[in-house]
Amino acid sequence: MRPRGRRATLLVGVVLTAVVVAPLAWLWQDSRLPASYAATDMGYPDHGGEVFDAHATGGHTDGGGRDAPSVRSVDTLAPPEERPADVEVTLVARAGEVDLGGGRTLDGYTLNGASPGPEIRALQGQLVEVRLVNESVPGGATLHWHGVDVPNAMDGVAGVTQDAVPVGGEHVYRFVADQVGTYWYHSHQLSHEQVRRGLLGALVVEPADGTPAADDPAGDAVALVHLYGGVRTLNGRPGESRHVVEPGATVRVRVVNTDNGPMSVWVSGAPFRLLAVDGTDVSQPSTVQDVAVEVTAGARADLEVQTPADGSGARIELGGPVLVLGPEQADPASTPRPSEQVDPLSYGRPAPPPFDVDAPDRTFEYRIGRRPGFLDGRPGLWWTVNGGMYPDVPMFMVADGDVVRMTVSNDSGDGHPMHLHGHHALVLARDGVPATGSPWWVDSLEVGDGETYDLAFLADNPGLWMDHCHNLPHAAQGLVAHLMYEGVTTPYRIGGANEPE
Amino acid sequence: MRAAYRVLAYLVAALVVVQAAAIAWALSGLTSWVADGGTLDAAAMESEDVLFDEVAGFIVHGVNGMMLIPLVALVLLIVSFFAKVPKGVAWAGGVLGLVVVQVLLGMFSSGLPLAGLLHGANALVLFVAALQAGRLARTDVTTEATPLVTSPR
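Here's what the structure looks like:
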């Protein structure tokens, strides 16, 4: 070949290379995140079809003829400081060995020397004050009160409602335990790593007028399930645990799934009722037997188990670990997982919703998908929200008092346990089939591949709230959006020392 | 450049072998872990914990299949623009295309098991295509003399 021809071939090669590489380079560059950014700068505002919002000036006005709210910082959204605490707890976070019993230990994180951390109990209406001291968790830590609709400043999301508590630092959380039910707490700094390794515990709010569990310990048992280093545990212990009760006793078992995917719970040897879902009581739950209850990541289910009168006991099967209810010597037989599941869509008796779900002020779509691309410069298959990849995701804008309708759909090839902070949402329909059972209130909802849920909630808790996947690695891979109240700002920034996922 | 083309094409084929070995190894590990009393459900599958040592096979399969092989196939295509291998660009493009199809089939296989069936079959198609591309770039089947010295012609 002559030199001139060679030069031409070389040129063609360079041009073709540029054609292949340039778009990739551009996509890579375009996906890079700034070193730090405010949650309010992340993504694009979605006003949910607020029809009166047109021609609003300044961007942060509230439409519909209402007065624009004054600008508030998340820091101001807290209970009054002068009110004394009714329940005071100090939690010391450390990096170290987690004791799984039987001589087995694991490198992880502890709260007050153990994982799970101490079970916190409060009566409805009490003010809970928790001081988090970070003694040695290297990445910093926070505490998020999963399922409790706390004031925004207490939500514990690093970079959104506070700075991560560095080693040697501390932070005080204060909230009134208004909602009766089963909840849990966990770190929301580097959550995909810190929760897995042990920064978590149970939180139970009991009715103020009932018999507290302290007076009737046999009637109430927390069953917090967590995987430590691949070992599924119940309250931090693998295998079988025992909750000793008299024959025929009734026990409320509070199941908490702290892992990243849905688990099944079923009862061997006794009928049960599903008393509560995500902390909210089910209306007139019927007695069932030989059915499983799905508890998705972050979700809770309260089961009321009627143990047999003959003292043979019952087994709460938790996909590995087991809670045996009964007298000391009871040895109930194990059963395989029933194929049938309790469907909360039709379980219990309906009741009218507390607000008009048919006249929403905002209507949002939360479409979950997946496609190849770059996330902060890293190539891979990443989750998308309404077609956009993080940080090109919607900020769902609302105003205090709005009735919000949200359709969550999933076409991503994988299930997602969606968790909305600071609010409980009412499930109206699944795949177009309307709910016919008890009002089904959720804070953590499994949206399976190919499923669509219609939800409604009342925007009554001003702040900046995450609405994300509680499969925490998924959240770290960008399956995160925010619910934002107009006029609320944050002085905190994501990036640098704050990595909420 | 021709040698680079050959090496990259054979590298794709070798990495496909690694893929098959890694996934079979991981599934064997999973089977034996379940036989020993391990419980596999969605919560366990989604955990980032090491349930059993052979989980490494899933990780290798994922990183190799979604990052390394696509990268090597892309570089192969770029090299093909300069390597003057007969039909080299077409074969490199074909290999990259099969890689893309393979990644997509893998992605969809959890929701659509049929995609998994095709994923397994397409792996062999990709393996053969990569081998064939490598063979095209063998120096002894060269039809053109190496144009380092200008011939008097």
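If you're matching them up, the sequences are chains A and B in order.
So for the first sequence, the numbering used here puts the first residue at 32; every next one is plus one.
So for the second sequence, the numbering used here puts the first residue at 13; every next one is plus one.
C-beta: ideal position from N, C-alpha, C; glycine also.
Quick caveat, the model's predicted, so the values are computed rather than measured.
Query, Result
"Is T438 of chain A close to chain B? Criterion is C-beta to C-beta, closer than 7 Å.", "no"
"Looking at the C-beta of I81 of chain B, does it have a partner C-beta in chain A at a distance below 7 Å?", "no"
"Rounding to the nearest angstrom, what Cα-Cα distance links S370 of chain A and L52 of chain B in this structure?", "16 Å"
"Only counting runs of 4 or more residues, tell me where the alpha helix (DSSP H) segments fall wholly within the stretch 29-66 of chain B, in order along the chain.", "54-58"
"Count the other CB atoms within 10 Å of the CB of G146 of chain B; is the residue buried (16 or more) or exposed (fewer)?", "buried"
"Answer with buried or exposed for T242 of chain A, where buried requires no fewer than 16 other C-beta atoms within 10 angstroms of its C-beta.", "exposed"
"To which residues of the same chain is P363 of chain A closer than 7 Å at the C-beta, ignoring the five residues directly before and after it?", "S299, G300, S343, G344, A345, R346, V355 and G357"
"Taking the alpha carbon of P248 of chain A as the point to measure from, which residue in A:R152, A:H257, A:N288 and A:P293 has its own alpha carbon closest?", "A:R152"
"Against chain A, does V29 of chain B count as a neighbour if the rule is that its beta carbon must be under 7 Å from one of theirs?", "no"
"Within the present structure, is the beta-carbon of D194 of chain A separated from the nearest heavy atom of the ligand MN by less than 6 Å?", "Absent from the structure shown: the ligand MN. Ligands present: none."
"On the three-state DSSP scale, how would you describe H452 of chain A?", "coil"
"In or out: P465 of chain A buried (at least 16 other Cβ within 10 Å) or exposed?", "exposed"
"Output the distance between the C-alpha atoms of G411 of chain A and Q508 of chain A, rounded to the nearest integer angstrom.", "10 Å"
"In chain A, which residues lie with their C-beta within 8 Å of the C-beta of G123 of chain B?", "G444, D445, D480 and G481"
"Listed from N- to C-terminal order along the chain, which residues in the stretch 115-148 of chain B have their beta-carbon within a distance smaller than 7 Å of any beta-carbon of chain A?", "M119, F120, S122 and G123"
"Which word fits D240 of chain A, buried or exposed, when buried means at least 16 other C-beta atoms lie within 10 angstroms of its C-beta?", "exposed"
"For L63 of chain B and W45 of chain B, which I take to be in contact (beta-carbon distance under 8 Å), what is that distance rounded to the nearest angstrom?", "6 Å"
"If the cut is a Cβ gap below 8 Å, which residues of chain A does S59 of chain B touch?", "R227, L258, G261, D290, N291 and G292"
"Would you please verify whether the beta carbon of V87 of chain B is less than 7 Å from any beta carbon of chain A?", "no"
"Starting from A328 of chain A, find everything on chain B with Cβ-Cβ shorter than 9 Å and list it in chain order.", "A54, A55 and E58"
"Below 8 Å, how does it come out for the stretch 229-237 of chain A and the stretch 139-148 of chain A: are there three or more Cβ pairs, yes or no?", "yes"
"Cutting at 6 Å between CB atoms, please list the residues of its own chain near N165 of chain A, excluding the five before and the five after it.", "A124, A172, V196, V198 and G200"
"Classify E112 of chain A as helix, strand or coil using the three-state DSSP reduction.", "coil"
"Could you tell me which of A:H219, A:L174, A:Q155 and A:D246 sits nearest to D209 of chain A, measuring between CA atoms?", "A:Q155"
"State the start and end residues of the unbroken alpha helix (DSSP H) segment that holds N134 of chain B.", "P125 to L148"
"Mapping DSSP to helix, strand and coil, what is H516 of chain A?", "Just to set this straight, residue 516 of chain A is Tyr in the shown sequence, not His. Three-state DSSP puts Y516 of chain A in a strand."
"Give the secondary structure of M78 of chain B by DSSP, where H, G and I count as helix, E and B as strand, and everything else as coil.", "helix"
"According to DSSP, which residues form a beta bridge with F488 of chain A?", "A:V435"
"Going by the DSSP bridge assignment, what does A153 of chain A pair with across the sheet?", "A:V236"
"Which whole-angstrom value is the C-beta distance of V284 of chain A and V336 of chain A, which I expect to be below 8 Å?", "6 Å"
"For T520 of chain A and V129 of chain A, what's the separation of their Cα atoms in angstroms?", "38 Å"
"Tell me which residue opens and which closes the beta strand (DSSP E) that E119 of chain A is part of.", "V118 to D130"
"With a threshold of 8 Å, are at least 3 pairs of Cβ atoms found where one atom belongs to the stretch 103-112 of chain B and the other to the stretch 510-525 of chain A?", "no"
"Helix, strand or coil: how does DSSP classify Q114 of chain B here?", "helix"
"Less than 7 Å between the C-beta atoms of A487 of chain A and V388 of chain A, yes or no?", "yes"
"Mind checking whether A25 of chain B and L148 of chain B have CB atoms under 7 Å apart?", "no"
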